[in-house]
Amino acid sequence: MMADEIPDQTPTEAVVSKPKYEYDAEGRDVACIWEGDPKNPHSWRYEYDAEGRVVSCVYGEDPTDPRSWRYEYDAEGREVSCVYGEDPTDPRSWRYEYDAEGREVSCVFGQDPKNPRSWRRDDGR
């Protein structure tokens, strides 16, 4: 999730907004709903796979226009990608690459080969 996806709060407003959390039977956070500000209601909802990994995160109150992220994992359980909405080329999407020892070595944002944004570990060199 990107910081620019969190709604702005104007510091001069006297409205107190605080989160209410919902949990599943395993004690995992499945929702965070901010209450108290009728001008700016918002929430996060999470879904998990059988291994307990987050597989989706949906932000927003409007079901017709949710902002969502879908997480994918490899056979070793490492996160390999996060897709924003349905568009892997969106700059809010990313994918990770790992070396033979299983260490994260790079991250590519947007997954758009025509406009790559990425970082790569250099092991301090």
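With the numbering used here applied, the sequence shown corresponds to residues 1 to 125, in that order.
Backbone N, C-alpha and C define an ideal beta-carbon position, used for all residues, glycine too.
Computed from a prediction, not measured in an experiment: that's the story for all the values here.
| Where does Glu76 fall in DSSP's three states? | Start at 1 with the first residue of the sequence shown, and residue 76 comes out as number 76. Assigned with DSSP and collapsed to three states, Glu76 falls in coil, not helix or strand.
| task | Would you mind stating whether Arg45 and Val58 have Cβ atoms separated by less than 9 angstroms? | result | Here residue 45 corresponds to residue number 45 of the sequence shown, with the count starting at 1. Here residue 58 corresponds to residue number 58 of the sequence shown, with the count starting at 1. Yes, Cβ-Cβ distance for Arg45 and Val58 is below 9 angstroms.
| Spatial distance of Glu22 from Val30 (CA atoms) | Against the sequence shown, residue 22 aligns to sequence position 22. Against the sequence shown, residue 30 aligns to sequence position 30. For Glu22 and Val30, the distance between alpha carbons rounds to 6 angstroms.
| field | Closest by C-alpha distance to Glu79, when choosing among Trp94, Cys32, Asp90 | value | Taking the sequence shown and counting its residues from 1, one reaches residue 79 at position 79. The option with the nearest alpha carbon to Glu79 is Trp94.
| Of the residues Gly60, Gly52, Glu101, the one placed nearest Glu72, counting alpha carbons only | Your numbering for residue 72 matches position 72 in the sequence shown. For Glu72, the closest of Gly60, Gly52, Glu101 by C-alpha to C-alpha distance is Gly52.
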